[in-house]
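A.B. asks: Sending over a structure as structure tokens; questions will come in a sec.
2 protein chains.
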Amino acid sequence: MDQSVNNSSAFPKIVIIGGGFGGIELTKRLKNKETEVLMLDRHNYHTFQPLLYQVATGGLEADSIAFPLRKIFKDQKNFTFRVTEVERIDPNLKKVYSTIGEIDYDYLVIATGSDTNFFGQKEIERYSMPMKTIPEALNLRSMILQNLEEALIENDPLIKSSLLNFVVVGGGPTGVELSGALAELKKHVLPKDYPELSINDVKVYLVEGSAEVLGAMSEQASTKAKAFLEKLGVQVLTNIRVVSYDGKLIKLSDGQAIDTKNVLWSAGVKGSIPEGLSPDAITRANRILVNEFNQVKGYENIFAIGDVAAFITDEKPNGLPGVAPVAIQQGKMLAKNLISFINNEKPEPFQYFDKGSMATVGRNLAVVDIGKIRFQGVFAWFVWMFVHLMSLVGFRNKVVTFVNWVWSYFSYDRGTRLIIRRFSRIEPVMTKGRDHDDSGSSPL
Amino acid sequence: MDQSVNNSSAFPKIVIIGGGFGGIELTKRLKNKETEVLMLDRHNYHTFQPLLYQVATGGLEADSIAFPLRKIFKDQKNFTFRVTEVERIDPNLKKVYSTIGEIDYDYLVIATGSDTNFFGQKEIERYSMPMKTIPEALNLRSMILQNLEEALIENDPLIKSSLLNFVVVGGGPTGVELSGALAELKKHVLPKDYPELSINDVKVYLVEGSAEVLGAMSEQASTKAKAFLEKLGVQVLTNIRVVSYDGKLIKLSDGQAIDTKNVLWSAGVKGSIPEGLSPDAITRANRILVNEFNQVKGYENIFAIGDVAAFITDEKPNGLPGVAPVAIQQGKMLAKNLISFINNEKPEPFQYFDKGSMATVGRNLAVVDIGKIRFQGVFAWFVWMFVHLMSLVGFRNKVVTFVNWVWSYFSYDRGTRLIIRRFSRIEPVMTKGRDHDDSGSSPL
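Heads up: the protein sequence lines correspond to chains P and E, in order. So in the UniProt record's numbering, spot 425 of the first sequence is number 425, and the numbers just go up one at a time. So in the UniProt record's numbering, spot 383 of the second sequence is number 383, and the numbers just go up one at a time.
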């Protein structure tokens with residue numbers, strides 16, 4: 001179908017699957033290099049995932065945290081982009097099979113990121129809400145608002161409380177940020193918008209299987225984040241796992257059960273990988289084993305970067321964390337190394353430089369670890385905002401997000417509480433397998 | 001199901017169907033009056049329809065032109081709101097039947113606005129795109145962008161040109177604004193985003209059945225608007241009607257046919273009315289006949305305002321235009337008159353004060369008629385922007401829209417070219433009849 005992407009130029013052709021942090025950085029660094037770069041993504045935009053929870057809770061518009069991929073590279077001559085779903089790769093033929101046809105490559109970079117991991121628990125997957133893409137965050141927003149509307153007209157007290165109980169599963173940064181934002185929504189917005197509801201009937205739980213939230217951060221950060229969450233009214237349940245959830249009742253490992261129609265799942269991720277790689281190259285949580293040059297195990301000209309890559313060393317038996325800085329640093333190094341490979345020069349081994357980590361719980365409440373330096377509270381919150389604002393792609397997004405944040409700060413309000421697409425569990429007619437995020441309705 | 005909305009208070013109960021310009025103004029004016037107000041709308045937000053075309057063409061985010069209805073009235077004690085679809089009214093029993101159950105009223109106000117009118121042409125309705133709601137505008141945006149992506153990979157020249165031909169039907173303000181915005185998208189954005197496409201292959205047509213565009217405005221405005229459109233490269237076809245459209249080929253009354261997958265229908269509207277009114281009360285284009293007090297013909301305590309109302313007089317045999325100022329003025333007067341009716345006082349007859357009309361074609365290109373004063377061009381464009389900015393509900397929306405417009409003005413760019421929900425003609429599983437705008441996909 002699409003001949004144009006296979007036009008042979010004199011330069012080696014690098015195909016990059018995925019326009020996340022890693023794919024973007026790699027592509028930028030290949031500007032003006034003697035290569036032909038083709039990026040494939042199932043969306044025509046880059047998603048700034050760290051702020052998805054703000055979209056889900058009505059703090060930001062979806063368009064503020066997304067940026068058209070074509071626009072990022074509009075001045076890059078050696079760049080081509082296609083919206084497509086990659087179905088399979090064939091390392092022997094050096095081909096990618098996609099929904100727009102076959103595509104040849106000389107070098108292939110898998111930068112497909114991660115997807116929600118339900119650890120094989122089909123029932124939980126069926127009834128709980130993930131939040132890894134913009135359409136999923138918008139679905140979540142619609143669900144939250146629709147359940148509030150439904151609670152208003154519900155007379156059965158049990159069903160009513162199940163509409164008003166929110167259970168966030170997983171105490172990593174996403175779970176902490178999401179439960180904090182829900183608690184703030186309850187505190188500042190609900191009393192004004194839904195005076196008919198009693199604010200005490202709305203409950204927010206955060207369920208974490210280990211002993212503390214933000215387990216990857218310092219103990220100080222974990223302890224403080226928990227205190228912040230409790231200050232906001234979140235019931236933090238640590239050392240507790242989810243046993244089952246049937247869409248109505250969530251059962252926990254300590255024996256308690258909560259009636260709820262709102263289970264938000266942020267308890268794990270797994271790599272999103274195309275078919276066709278040898279099973280030897282795949283490790284735990286569906287990630288792709290890479291060496292210090294981000295070369296996929298067993299292949300010379302296939303690479304993986306970011307969340308999908310597992311760079312396992314003796315010091316880091318679990319690989320690197322699935323965060324933007326890892327993906328960006330790997331993208332940067334790989335650009336250099338690809339040129340070395342092309343020129344038969346020696347590549348440089350990748351080393352992760354950990355700049356620190358941070359998470360926000362709510363207004364004036366954040367935690368920051370930078371090496372041995374740790375701080376929490378108002379200043380941490382401003383640092384968190386500044387770093388995230390600066391990391392957003394695009395000047396317009398920065399300005400619009402800044403306006404929204406300043407406005408929210410002074411008004412204690414959130415801008416966008418619209419049910420634009422109604423959330424519904426009815427499974428729509430799908431066009432393609434993996435893309436569980438769309439299906440615009442017919443206007444007829 | 002919902003008992004709460006039927007709780008009897010000492011005050012007369014006014015049920016308002018629709019949170020458009022008319023419903024909002026009426027409700028505001030009933031603040032602190034001895035009435036109980038219940039507003040019903042199928043969305044939880046008010047839509048600023050005059051700017052829908054900017055959402056469809058990527059100039060504004062959907063959330064900037066919408067505003068949560070609960071928030072508008074958050075300080076209004078006598079106000080209750082429900083998201084619901086009204087199915088039928090029973091004037092004898094004074095009841096509204098809705099998706100959340102039966103609702104009693106003392107006074108009923110129908111402010112349901114209008115929907116796209118395809119004049120019974122089922123095939124055209126099936127294949128062309130309307131733009132009356134936010135979900136429809138977002139579908140349109142997705143369709144436009146997806147067809148550009150598809151054109152990139154299409155080798156058949158006929159199919160390729162049908163993906164790149166845009167036909168807007170109807171030369172009223174919506175059609176003029178939409179075709180102008182498409183022409184600007186072609187001129188300023190496409191060459192940067194799609195360097196592989198030849199800009200000359202993209203064609204924008206505006207088809208109008210009468211002799212001129214903007215027929216409701218002055219001749220000067222019509223002539224100038226046409227000139228502005230042609231300056232931007234729009235092919236304006238006047239005195240031409242659409243004969244048929246099968247999703248591939250649009251046939252026109254002058255014999256010509258255009259291969260196109262993009263037909264945008266803005267050629268007419270009809271009232272959206274609930275069942276249960278006497279046929280005597282319904283007139284042309286499904287509008288409800290009202291007298292000078294906005295009382296529906298044949299009913300004492302049912303009223304209609306805005307687009308759905310037909311206030312026909314000898315001087316205005318076609319009623320008033322379907323624009324925001326009419327709805328707002330009727331809402332304002334009706335608030336006064338409802339209190340008069342309640343107190344058995346004499347109501348005041350409605351008189352429309354025409355403040356003028358305006359339309360924008362593109363950057364620096366707008367037309368304004370204010371009584372005998374007519375002007376076009378840059379100043380008209382600034383007036384258009386100022387009036388629309390000030391009319392937007394909500395301070396945050398005003399600021400965000402202003403930032404977007406200033407940014408677009410200097411960058412010649414449009415912010416939000418994201419395919420967030422994929423457009424697809426596959427008919428999804430629907431929950432309810434009339435609501436053709438949603439179906440969030442299941443995340444599973």
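We put the CB at the ideal spot given by N, CA and C, even for glycine.
#1: By the 7 Å beta-carbon criterion, what residues does the region 253-275 of chain P contribute toward chain E?
#2: Give a yes or no on whether 7 Å exceeds the smallest Cβ distance from residue 446 of chain E to chain P.
#3: Taking E:Glu149 as the query, report the chain P residues whose CB atoms sit under 8 Å from its CB, ordered along the chain.
#4: Between P:Trp405 and chain E, is there a C-beta pair that is closer than 7 Å?
#5: Would you tell me roughly how many angstroms separate the C-alpha atoms of E:Ile89 and E:Gln220, rounded to the nearest one?
#6: For E:Ala181, which of helix, strand or coil comes out of DSSP?
#7: Should E:Tyr53 be labelled buried (16 or more other beta-carbon atoms within 10 Å of its own) or exposed?
#8: Does the beta carbon of P:Leu163 come closer than 7 Å to any beta carbon on chain E?
#9: By DSSP's criteria, P:Arg82 is part of a beta bridge. Which residues make up the other side?
#10: In this structure, how does DSSP classify E:Asn404 when only helix, strand and coil are distinguished?
#11: Tell me which same chain residues have a C-beta within less than 7 Å of the C-beta of E:Phe119, skipping the five on either side of it?
#12: Taking three-plus beta-carbon pairs below 8 Å as touching, is the region 47-67 of chain E in contact with the region 125-141 of chain E?
#13: Identify the contact partners of E:Lys95 in chain P, using a Cβ-Cβ distance below 7 Å as the criterion.
#14: So which residues on chain B does E:Glu61 lean against when the C-beta distance must stay under 7 Å?
#15: Within 10 angstroms of the Cβ of residue 445 of chain P, are there 16 or more other Cβ atoms? Answer buried if so, exposed if not.
#16: Please go through the same chain and pick out, in chain order, the residues whose beta-carbon is closer than 7 Å to the beta-carbon of P:Ser441, but skip the five residues on each side of it.
#17: Please go through the same chain and pick out, in chain order, the residues whose beta-carbon is closer than 6 Å to the beta-carbon of P:Met143, but skip the five residues on each side of it.
#18: Can you check whether the CB of P:Asp259 is closer than 7 Å to the CB of P:Ile240?
#19: If you follow the beta strand (DSSP E) that P:Pro68 is part of, which residue opens it and which one closes it?
#20: If the cut is a Cβ gap below 7 Å, which residues of chain E does P:Arg363 touch?
#21: To the nearest angstrom, how far is it from the Cα of E:Arg126 to the Cα of E:Trp405?
#22: With DSSP run on the structure shown, which of helix, strand or coil describes P:Val429?
#23: Taking the CB atoms as reference points, tell me whether P:Leu26 and P:Ala281 lie closer together than 7 Å.
#24: Going along the region 175-189 of chain P in order, which residues come within less than 8 Å of chain E, judged by CB to CB distance?
#25: Quick one, are the C-beta atoms of P:Val213 and P:Val176 less than 7 Å apart?
#26: Give the straight-line distance between the Cα atoms of P:Ser198 and P:Tyr412, rounded to the nearest whole angstrom.
#27: Can you tell me whether DSSP reads residue 452 of chain E as helix, strand or coil?
#28: Between which two residues does the beta strand (DSSP E) carrying E:Phe166 extend?
#29: How big is the Cα-Cα spacing for E:Asn301 and E:Arg374?
#30: How do the region 41-49 of chain E and the region 69-82 of chain E stand: do at least 3 beta-carbon pairs fall below 8 Å, yes or no?
#31: Can you name the residues that DSSP bridges to E:Gln295?
#32: Could you tell me which uninterrupted beta strand (DSSP E) segments, each at least 3 residues in length, are contained entirely in the region 341-411 of chain E, listed from first to last along the chain?
#33: Give every residue of the same chain whose Cβ lies closer than 6 Å to the Cβ of E:Leu140, excluding the five residues on either side of it in the sequence, and list them in chain order.
#34: For P:Glu381, tell me which candidate among P:Val393, P:Ser391, P:Thr401 and P:Ala359 has the shortest Cα-Cα distance.
#35: Could you name the residues of chain E that P:Asp193 contacts, counting a contact when the two beta carbons are closer than 8 Å?
#36: Can you pull the DSSP bridge partners for E:His188?
C.D. replies: If we stick to the structure as given:
#1: none
#2: Within the shown structure, residues of chain E are numbered from 1 to 444, placing residue 446 of chain E beyond reach of any answer.
#3: Mapped onto the second sequence, residue 149 of chain E falls at position 149. Those within 8 Å of E:Glu149 in chain P are Asn44, Arg82 and Val83.
#4: Reading the first sequence from its first residue, position 405 is the one you call residue 405 of chain P. It does not; no Cβ of chain E falls within 7 Å.
#5: Sequence index remark: in the second sequence, residue 89 of chain E carries index 89 (1-based). Sequence index remark: in the second sequence, residue 220 of chain E carries index 220 (1-based). Using only the alpha carbons, I get a separation of about 45 Å.
#6: Sequence index remark: in the second sequence, residue 181 of chain E carries index 181 (1-based). It is helical.
#7: Within the second sequence, the letter at position 53 stands for residue 53 of chain E. With 16 or more Cβ atoms within 10 Å of its Cβ, E:Tyr53 is classed as buried.
#8: Here the question's residue 163 of chain P lines up with position 163 in the first sequence. Not closer than 7 Å to any Cβ of chain E, the Cβ of P:Leu163 fails to qualify, so no.
#9: Indexing the first sequence from 1 puts residue 82 of chain P at position 82. Answer by DSSP bridge pairing, in chain order: P:Leu40.
#10: Here residue 404 of chain E corresponds to residue number 404 of the second sequence, with the count starting at 1. Helix.
#11: The residue labelled residue 119 of chain E in the question sits at position 119 within the second sequence. Contacts found: Gly268.
#12: yes
#13: The residue given as residue 95 of chain E occupies position 95 in the second sequence. Those within 7 Å of E:Lys95 in chain P number zero; the least Cβ separation is about 16 Å.
#14: No chain B is part of this structure, whose protein chains are labelled P and E.
#15: Examination of residue 445 of chain P is not possible in this model, given that chain P is present from 1 through 444 alone.
#16: Translated into the one-based positions of the first sequence, residue 441 of chain P becomes position 441. Summary for P:Ser441: the model assigns pLDDT 31, below 50, so the residue's position carries little reliability; its value from the coordinates is reported in the next sentence. Around P:Ser441: no qualifying Cβ.
#17: Numbered from its first residue, the first sequence carries residue 143 of chain P at position 143. Phe423, listed in sequence order.
#18: Within the first sequence, the letter at position 240 stands for residue 240 of chain P. Within the first sequence, the letter at position 259 stands for residue 259 of chain P. Cβ atoms of P:Ile240 and P:Asp259: not closer than 7 Å.
#19: Residue 68 of chain P sits at position 68 when you count from the first residue of the first sequence. That run of the beta strand (DSSP E) goes Ala66 to Pro68.
#20: As a working mapping, residue 363 of chain P is identified with position 363 in the first sequence. By Cβ distance, chain E contributes nothing, its closest Cβ being about 17 Å from P:Arg363, past 7 Å.
#21: The count along the second sequence starts at 1 and reaches residue 126 of chain E at position 126. The count along the second sequence starts at 1 and reaches residue 405 of chain E at position 405. Taking the straight line joining both Cα atoms gives about 34 Å.
#22: What you label residue 429 of chain P is simply residue 429 of the first sequence in a count that begins at 1. Any reading at P:Val429 must be qualified, since the residue scores a pLDDT of 32, below 50, and its modelled position is unreliable; no value is offered.
#23: In the first sequence, counting from the first residue as 1, residue 26 of chain P sits at position 26. In the first sequence, counting from the first residue as 1, residue 281 of chain P sits at position 281. Cβ atoms of P:Leu26 and P:Ala281: not closer than 7 Å.
#24: none
#25: Residue mapping note: residue 213 of chain P aligns to position 213 of the first sequence, counting from 1. Residue mapping note: residue 176 of chain P aligns to position 176 of the first sequence, counting from 1. It is a contact, given that the beta carbons lie within the stated cut-off.
#26: Within the first sequence, the letter at position 198 stands for residue 198 of chain P. Within the first sequence, the letter at position 412 stands for residue 412 of chain P. Cα to Cα, P:Ser198 sits roughly 19 Å from P:Tyr412.
#27: It is not possible to answer for residue 452 of chain E, since the shown part of chain E is limited to 1 through 444.
#28: Within the second sequence, the letter at position 166 stands for residue 166 of chain E. Per DSSP, E:Phe166 belongs to the beta strand (DSSP E) from Asn165 to Val169.
#29: Translated into positions along the second sequence, residue 301 of chain E becomes position 301. Translated into positions along the second sequence, residue 374 of chain E becomes position 374. One C-alpha to the other measures close to 41 Å.
#30: yes
#31: Within the second sequence, numbered from 1, the residue matching residue 295 of chain E stands at position 295. Partner(s): E:Phe303.
#32: 357-362, 365-370 and 373-377
#33: Within the second sequence, residue 140 of chain E is the residue found at index 140, counting from 1. Only Ala56, Met129 and Met131 meet the Cβ criterion.
#34: The count along the first sequence starts at 1 and reaches residue 381 of chain P at position 381. It should be pointed out that residue 381 of chain P corresponds to Trp in this sequence rather than to Glu. Of the listed residues, the one whose Cα sits closest to P:Trp381 is P:Ala359.
#35: Counting from one through the first sequence, the residue named residue 193 of chain P turns up at place 193. Within 8 Å Cβ-Cβ: Pro68, Arg70, Lys71 and Lys74.
#36: As a working mapping, residue 188 of chain E is identified with position 188 in the second sequence. Per DSSP, none; premise fails for E:His188.
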